[in-house]
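Input: a single structure, listed below in C-alpha cells.
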Amino acid sequence: MAILLRRSTSVLQSLKHKLGFWSTLSLQSSGGVFGRSRDQHLVSFPYNSSSPNILWIGRFASTVAVNHLDPLPFSDSDDDQQQSLEFPGGKVTYTSEMTFISESQEKRVPCYRVLDDNGDLLLGSHLQQVSKEVATKIYNDMVTLQVMDTIFYEAQRQGRLSFYLTSSGEEAVNIASAAALSPDDVILPQYREPGILLWRGFTLQEFTDQLFGNKSDYGKGRQMPIHYGSKKLNYVTVSSPLATQLPQAVGIAYSLKMDKKDACAVTYTGDGATSEGDFHAALNFAAVLEAPVVFICRNNGWAISTNVSEQFRSDGIVVKGQAYGIRSIRVDGNDALAVYNAISTAREMAITEQRPVLVEALTYRVGHHSTSDDSTKYRPLQEIEYWKTTRNPVNRFRNWIEKNGWWSDREEAELRSNIKKQLMHSIQVAEKTVKPPVAEMFSDVYDVLPSNLQEQEKQLRETIIKYPKDYPSDVPL
Amino acid sequence: MATALRSFGRRRWVNGSVCRGRAFSTNTTCDKLIQQDNNPPAPTPKSLNLYSAINQALHIALETDPRAYVFGEDVGFGGVFRCTTGLADRFGKSRVFNTPLCEQGIVGFAIGLAAMGNRAIAEIQFADYIFPAFDQIVNEAAKFRYRSGNQFNCGGLTVRAPYGAVGHGGHYHSQSPEAFFCHVPGIKVVIPRSPREAKGLLLSSIRDPNPVVFFEPKWLYRLSVEDVPEHDYMLPLSEAEVIREGSDITLVGWGAQLSIMEQACIDAEKEGISCELIDLKTLIPWDKETVEASVRKTGRLLISHEAPVTGGFGAEISASIVERCFLRLEAPVARVCGLDTPFPLVFEPFYMPTKNKVSSSPMLITHFVLCAEMWNLELILAIYTTLVFACLDAGTGCYKINCKLLAAQKQLWFIVKSDQNVNLYHIQASKEGELGR
Ligand SMILES: Cc1ncc(C[n+]2csc(CCOP(=O)(O)OP(=O)(O)O)c2C)c(N)n1
Ligand SMILES: [Mg+2]
Numbered sequence: 001m002a003i004l005l006r007r008s009t010s011v012l013q014s015l016k017h018k019l020g021f022w023s024t025l026s027l028q029s030s031g032g033v034f035g036r037s038r039d040q041h042l043v044s045f046p047y048n049s050s051s052p053n054i055l056w057i058g059r060f061a062s063t064v065a066v067n068h069l070d071p072l073p074f075s076d077s078d079d080d081q082q083q084s085l086e087f088p089g090g091k092v093t094y095t096s097e098m099t100f101i102s103e104s105q106e107k108r109v110p111c112y113r114v115l116d117d118n119g120d121l122l123l124g125s126h127l128q129q130v131s132k133e134v135a136t137k138i139y140n141d142m143v144t145l146q147v148m149d150t151i152f153y154e155a156q157r158q159g160r161l162s163f164y165l166t167s168s169g170e171e172a173v174n175i176a177s178a179a180a181l182s183p184d185d186v187i188l189p190q191y192r193e194p195g196i197l198l199w200r201g202f203t204l205q206e207f208t209d210q211l212f213g214n215k216s217d218y219g220k221g222r223q224m225p226i227h228y229g230s231k232k233l234n235y236v237t238v239s240s241p242l243a244t245q246l247p248q249a250v251g252i253a254y255s256l257k258m259d260k261k262d263a264c265a266v267t268y269t270g271d272g273a274t275s276e277g278d279f280h281a282a283l284n285f286a287a288v289l290e291a292p293v294v295f296i297c298r299n300n301g302w303a304i305s306t307n308v309s310e311q312f313r314s315d316g317i318v319v320k321g322q323a324y325g326i327r328s329i330r331v332d333g334n335d336a337l338a339v340y341n342a343i344s345t346a347r348e349m350a351i352t353e354q355r356p357v358l359v360e361a362l363t364y365r366v367g368h369h370s371t372s373d374d375s376t377k378y379r380p381l382q383e384i385e386y387w388k389t390t391r392n393p394v395n396r397f398r399n400w401i402e403k404n405g406w407w408s409d410r411e412e413a414e415l416r417s418n419i420k421k422q423l424m425h426s427i428q429v430a431e432k433t434v435k436p437p438v439a440e441m442f443s444d445v446y447d448v449l450p451s452n453l454q455e456q457e458k459q460l461r462e463t464i465i466k467y468p469k470d471y472p473s474d475v476p477l
Numbered sequence: 001m002a003t004a005l006r007s008f009g010r011r012r013w014v015n016g017s018v019c020r021g022r023a024f025s026t027n028t029t030c031d032k033l034i035q036q037d038n039n040p041p042a043p044t045p046k047s048l049n050l051y052s053a054i055n056q057a058l059h060i061a062l063e064t065d066p067r068a069y070v071f072g073e074d075v076g077f078g079g080v081f082r083c084t085t086g087l088a089d090r091f092g093k094s095r096v097f098n099t100p101l102c103e104q105g106i107v108g109f110a111i112g113l114a115a116m117g118n119r120a121i122a123e124i125q126f127a128d129y130i131f132p133a134f135d136q137i138v139n140e141a142a143k144f145r146y147r148s149g150n151q152f153n154c155g156g157l158t159v160r161a162p163y164g165a166v167g168h169g170g171h172y173h174s175q176s177p178e179a180f181f182c183h184v185p186g187i188k189v190v191i192p193r194s195p196r197e198a199k200g201l202l203l204s205s206i207r208d209p210n211p212v213v214f215f216e217p218k219w220l221y222r223l224s225v226e227d228v229p230e231h232d233y234m235l236p237l238s239e240a241e242v243i244r245e246g247s248d249i250t251l252v253g254w255g256a257q258l259s260i261m262e263q264a265c266i267d268a269e270k271e272g273i274s275c276e277l278i279d280l281k282t283l284i285p286w287d288k289e290t291v292e293a294s295v296r297k298t299g300r301l302l303i304s305h306e307a308p309v310t311g312g313f314g315a316e317i318s319a320s321i322v323e324r325c326f327l328r329l330e331a332p333v334a335r336v337c338g339l340d341t342p343f344p345l346v347f348e349p350f351y352m353p354t355k356n357k358v359s360s361s362p363m364l365i366t367h368f369v370l371c372a373e374m375w376n377l378e379l380i381l382a383i384y385t386t387l388v389f390a391c392l393d394a395g396t397g398c399y400k401i402n403c404k405l406l407a408a409q410k411q412l413w414f415i416v417k418s419d420q421n422v423n424l425y426h427i428q429a430s431k432e433g434e435l436g437r
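Each protein sequence line maps, in turn, to chains A and R.
Using the UniProt record's numbering, read the first sequence as starting at 1 and increasing by one per residue.
Using the UniProt record's numbering, read the second sequence as starting at 1 and increasing by one per residue.
Here is the structure:
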C-alpha cells in the first residue's frame, strides 16, 4: 500500500513534469535534436505514418503512460536542454557517468500482507471493510474448494475420472481475488482457478458434470477434466496452451473500455507461464492500449518440476510490470485479506484510471502438479509440509474469523460433511448422466456443419452400425 | 486378435487407461535391422519400452558427442514422460537442463546452439505445444542454410515432441501436427513406430546435418515393448520399410497408427486379402520409390493417419502416387484418417481411424469397373456364370447394375486385374445387395 502511494505521487510529479515539457515544446517550438517545430519533430520519427496528427496524439498519450518511471539510479540532473536528449517517448537526461542499471534491486520487493501466520491482524495495516457475510463466504468457499479437491482427486485415483488437478495451497488467491471482483468482470483463467467460478455460483454439480464430460457439461465432453467455462458467469473456458489467455484478456479489456463498462478483465497466470511470449505481449499491449485489465500471477514456486530459480532471474514477476509501464504489487497469496485488499484496489485503479495493473501473489502449490505428476520426485517433502501447515491459507483465515467470533468448530464440521455429501451425490448423478450425443462431435467446429463434416458424420454412423462394439455404449447415437 | 482388439478398445475409454493391444511388435524386422548396421557388435538386445529406448538414444548421443545438449521444459528431472531420466546426473546440468517455459525460446535457443556446431536436442513437452515455436522452426530453422547461401546452418538441431492420441488427452494432449511441418522445405520430419525404430531413428536424426522434427508416439511410450540392441546404431532417414509383404493392396502409415493398420492387415488377410504394409518413417523428404514400387505391384493404396484427413500428409502421398501409378491403380486411393474436428475427449473412439475403419474401407474390398455401364445384365450373366466385375461404390455409374448382379448371384466373385495375370478372389455375399466379408 505504502509503495503504491509513493508510486502514485511520483506519477503525478512526472506527469506534471512531462506536460510542462510538451507544452513548452509546442508553444515555443524549441525542439532538440529532432528539430525546432512540432512538424519537424514529427518528420524525424522513425515511423511512417499517413496521419501524423494521430500518431502525435498516440505518442503523447503513451508518453504519459510511461513517464511515471523514476529516472533511477542516475543523478537527477537539471532541466538544461543541453543536458538532455529529447527522444520519442520523452526526454532523457544525459550523464557522463557510465553506470549500468543493476540486474536487481538490493532488496527484494516486499510482500504486502495484513494477517500474520496465526491469522492475527498486523499492527497498522489498513483493512478494507470486510463484512461478516463476505468473510464467512470467503471461508466457506475456500473449504469447499478443499473438499472438492480431496474428493475429486480420490475419484481420479479410483479411476472414475481420467484426470484432475487440485488448487491446494492456493485457496486464498482463488477465493479472495474472486470476492474482490464484480460479477461483470470478465475472467480469463489459466487452469488452477476454479475458485472464481465457485464464488460466482457455479454449482458442485456443474463442476462434476464437466469433470465427467457428460451431457450436462457446457463444454459438451470435448475437453479434459478441469477445463471449466461459463458464459453466464463471465468465465472464459480454460485452454491448456499456457499464457494464450493473457493477450486475449487485453482485447476483452479494450472492448470493455470502448463500451465504457464499469468492469475490467481479470486474467490469471502461473509463474511458469510468464516465460511465454504471450505474457510479455499481453503486458505491453495492455500498457500501450491503456486497457483495464488486472493480471494476477499466482507465483507458486513451481512450474511442474521447474523451480522459479530456473524460470527467471528477476525478483519474481512483480518487477516486470514496471519495465512495461504497468503498476504492480506483490501480495502474500496465502493471506486472503491481503489478496482481497490488493485485488479490490487493483480493480478500482484499472477501471477508474483505465490502465492495467499487475498483481503477483506469492503462494505455493501444495499438491502435485496434476494427477499425472509425483512432485516428491523433484521437491523436498519438508517444503511441501511447511506450506501445508505453517503457511496454510485456509487455517490462517479461519483463525481470523474465529477470533472475530464469526466461526466455530461446530460450523466447520457441519460445513465439511455437508459439502462432502453434496459432492458424493453430484458424482453419482454425473456418473449416471449419459455422455453428449455423437452429433456433438461435429457441431461447433463452425457455426454450421460444412459438407465435409456432414459426409464424415454419415460415414461414421454407417461404421457404428457395422461395428457397434468399437464404440462406447454411454455415448448416445 | 479381433476380440482382443475390441476388448482393448472398450477398456480404453471405460478406464481411461491404455491397453496392450496397441503395442506394436516387429519380430519380423529384427533381423533386418541388425543387418542394417555396418559393423554390428555382438547384438545384445534387451527388452525395452519406447521411452526407455529414447532415453538410451539420448544417453548415447550425449556420450558420443561432447558437443551434444539436451534441454526443454522439465527435462532435468527426467521429463514428464521420463525420456530424459538420469541424463542430468550423468552428463551434468550444463549439458542437460530445464529451460524456462517458452517453446519459441527453446527452439530459437536451440537453433543458435546448433549454428555453432553443436547438437541441440530440444524437447517440446507435447506436440500440441509446438506452435509457439512454429515461427522459429518454419522461418528460421528450415531456412537457415538456404538463406545464407550455406554459410550458416543449424543442421545439429533436433526437436523432439510426443504426439498423438493417448485415450484421454482431449484437444491439447492428442494432436498429430506432422502435416504442418511437412509443408516446410528445409526440415525433416521423422516418426518412429516402435522402441527399436525410435532409438535408431533418433540417433540418425540427431546426427543428420539437417534440422529434424522428431515426433514420438506417446501412446506407445510404455505400451510398446520390444528387443532393442544396446549398442549405438542408426536407421536410415528417408527410407521407408515394408514391414509386411502382400500382393493385393498397399497400406502406408507411420508411428502409432501402424499397429492399428497391422491388425487391420491381419483381419483382411483372414478374408483372403493380402496386404502390404509400409512404415514411411520419414515424412519429408519421403521415400516415394518404395511406396510406388509397392503400389505398382498391388494396384491399390490406403493411407491412414490420426491427424484430420483434410490437408493431412495422406493427401500428399495420394497425389504423388496417382501421378506416378495412375494406370496401375485399380481403385481410388483410400484415406482412413482422423476426422475434420478438433481432437475430442469423450468422442475419441469415434474420431480415431480404427482397425475396422481401415479393414472395411471400400477401396480395400470393392472392385472398380469403369466400363460396366456399357454392359447389359443378361449378357454379363450369360458370359460369367460365376464371375462378375462388381463395383459397389454408389458414386459410380455401374453401381445399379452391380447391385442387381449381387441380387442375382448367391456367390460373388471378385476379379482383381494386374498386368501379367488375373487373380481371382472369392468373397461371400452374406446378404442380398450387401457385401459380406
Ligand atoms: C504452451 C504450453 N507449454 C507447455 C505446457 C505444459 N504445461 C502445462 S502446465 C505447465 C506448468 C505451468 O506452470 P505455472 O505456469 O507455474 O502454473 P502452475 O501449474 O504452477 O499453477 C506446463 C509446462 C502447456 N500447457 N502449454
Ligand atoms: Mg507455478
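Don't be surprised by glycine CBs; every beta carbon is placed ideally from N, CA and C.
What three-state label does DSSP hand Val-236/A in the structure shown?
-> Look at Val-236/A here: in three-state DSSP terms it is coil, with no helix or strand label.
Return helix, strand or coil for Arg-160/A, following the three-state DSSP convention.
-> In the structure shown, the three-state DSSP call for Arg-160/A is coil.
Contact set for Ala-307/R: own chain, Cβ-Cβ below 8 Å, skip 5 residues either direction | Gln-175, Ser-176, Pro-177, Glu-178, Ala-179, Phe-313, Cys-337, Gly-338.
Arg-391/A, buried or exposed, once every other Cβ within 10 Å from all chains shown has been counted against 16 = By the 10 Å Cβ count, Arg-391/A comes out buried.
Report yes if the C-beta distance between Glu-330/R and Asp-287/R is below 9 Å; otherwise report no.
-> The Cβ-Cβ distance between Glu-330/R and Asp-287/R does not fall below 9 Å.
Got a sec: which bits of the segment 81-102 of chain A sit with their beta carbon under 9 Å from any beta carbon on chain R, in order along the chain?
-> Residues are counted here when their Cβ sits less than 9 Å from a Cβ of chain R; for the segment 81-102 of chain A the count is zero.
Expected contact under 8 Å - CB spacing of Ile-284/R and Arg-335/R to nearest Å = That pair is no contact at about 18 Å.
8 Å Cβ shell around Gly-155/R - same chain, five flanking residues per side excluded = Leaving aside the five residues that flank Gly-155/R on each side, the residues in its chain whose CB is nearer than 8 Å to its CB run, in chain order, Ala-114, Arg-145, Asp-208, Pro-209, Asn-210, Pro-211.
Going by Cα to Cα distance, which pick from Gly-270/A, Asp-332/A, Gly-119/A is closest to Thr-244/A?
-> Residue Gly-270/A holds the alpha-carbon nearest to the alpha-carbon of Thr-244/A among Gly-270/A, Asp-332/A, Gly-119/A.
Host beta strand (DSSP E) of Ile-351/A (start-end) | Premise fails: Ile-351/A lies in the alpha helix (DSSP H), 336-352, not in any beta strand (DSSP E).
How close, in whole Å, do the beta carbons of Phe-109/R and Ile-137/R come, if the pair is a contact with beta carbons under 8 Å?
-> With 8 Å as the limit, Phe-109/R and Ile-137/R do not qualify as a contact, their Cβ atoms being about 13 Å apart.
Consider the Cβ of residue 440/R: report whether some Cβ of chain A lies at a distance smaller than 9 Å.
-> With chain R running from 1 to 437 in the structure shown, residue 440/R is simply not present.
Who are the neighbours of Ala-273/A on chain R, taking C-beta pairs under 8 Å?
-> The contacting residues are Leu-101.
Taking 9 Å as the CB-CB cut-off, is Pro-195/R touching chain A?
-> Not closer than 9 Å to any Cβ of chain A, the Cβ of Pro-195/R fails to qualify, so no.
Bridge partners - Leu-198/A, DSSP secondary structure assignment | In the DSSP assignment, Leu-198/A is bridged to no other residue.
Assign Glu-239/R to one of three DSSP states: helix, strand, or coil.
-> Here Glu-239/R sits in coil by DSSP.
Exposed or buried, Phe-87/A, counting other C-beta atoms within 10 Å across all chains shown (16 or more means buried)?
-> So Phe-87/A ends up on the exposed side.
Kindly identify the DSSP beta-bridge partner or partners of Thr-158/R.
-> Residue pairing from DSSP places Thr-158/R in a beta bridge opposite Ile-121/R, Val-212/R.
Lining residues of ligand 2 - beta-carbon closer than 7 Å to any non-hydrogen atom, in sequence order | That gives Gly-270/A, Asp-271/A, Gly-272/A, Arg-298/A, Asn-299/A, Asn-300/A, Gly-301/A, Trp-302/A, Ala-303/A, Arg-365/A.
Leaving aside the five residues before and after Val-366/A along the sequence, list all residues of the same chain whose C-beta is less than 7 Å from its C-beta, in chain order.
-> Counting only Cβ-Cβ distances below 7 Å, and skipping sequence neighbours, we find Ser-168, Gly-169, Ile-384, Trp-387, Lys-388.
In terms of residue numbering, what span does the beta strand (DSSP E) encompassing Pro-110/A cover?
-> DSSP places Pro-110/A outside any beta strand (DSSP E), giving it a letter other than H or E.
Give a yes or no on whether 9 Å exceeds the smallest Cβ distance from Lys-270/R to chain A.
-> So, not an interface residue.
Go through the segment 32-93 of chain R residue by residue and report every complete run of the beta strand (DSSP E) that reaches 3 residues or more, in order.
-> 45-49, 68-72, all fully within the segment 32-93 of chain R.
Do Leu-165/A and Thr-371/A have their C-beta atoms closer together than 9 Å?
-> It is a contact, given that the beta carbons lie within the stated cut-off.
Neighbourhood of Val-429/A by C-beta distance below 7 Å, restricted to the same chain and skipping five residues each side | So the qualifying residues of the chain are Gln-205.
When Glu-73/R, Val-346/R, Arg-300/R, Asp-340/R are compared against Ser-451/A, the one with the closest alpha-carbon | Taking each of Glu-73/R, Val-346/R, Arg-300/R, Asp-340/R in turn and checking the Cα distance to Ser-451/A, the smallest one comes out for Asp-340/R.
Neighbour list for Phe-77/R in chain A, Cβ cutoff strictly below 7 Å | Per Cβ cutoff of 7 Å: Ser-305, Lys-377, Tyr-378.
Pro-472/A to Pro-225/A span [Cα, whole Å] | Pro-225/A has its alpha-carbon roughly 18 Å from the corresponding atom of Pro-472/A.
Could you say which of Asn-284/A, Trp-302/A, Thr-463/A, Ala-303/A lies nearest to Phe-295/A if we only look at CA atoms?
-> Distances from the CA of Phe-295/A to each of Asn-284/A, Trp-302/A, Thr-463/A, Ala-303/A were compared; the closest alpha carbon is that of Asn-284/A.
8 Å contact criterion, which Glu-216/R and Pro-192/R should meet: CB distance rounded | By a beta-carbon distance limit of 8 Å, Glu-216/R contacts Pro-192/R. Their separation comes to about 7 Å.
Within its chain, find whatever has a CB closer than 6 Å to the CB of Ala-88/R; leave out the 5 residues flanking it on each side and keep chain order.
-> In the same chain as Ala-88/R, and ignoring 5 residues on each side of it, the C-beta atoms closer than 6 Å to its own belong to Gly-76, Val-96, in chain order.
Other residues of its chain near Leu-27/A: CB distance less than 7 Å, five sequence neighbours each side excluded = Unreliable positioning characterises Leu-27/A in this predicted model, as indicated by a pLDDT of 36, which lies under 50. A coordinate reading is not provided.
9 Å Cβ cutoff, Glu-133/A in contact with chain D = Looking for chain D here will not work: the only protein chains present are A and R.
Distance between Asp-128/R and Ile-54/R (C-alpha atoms, nearest Å) = Using only the alpha carbons, I get a separation of about 20 Å.
Let me know the beta strand (DSSP E) ranges lying completely inside the segment 83-155 of chain A, each 3 residues or longer, listed in chain order.
-> Whole beta strand (DSSP E) segments, 3+ residues: 84-87, 90-93.
Count the other CB atoms, across all protein chains shown, that sit within 10 Å of the CB of Ser-361/R; report buried if there are 16 or more and exposed otherwise.
-> Sixteen is the threshold: when 16 or more other Cβ atoms of the shown chains lie within 10 Å of the Cβ of Ser-361/R, as they do, the residue is buried.
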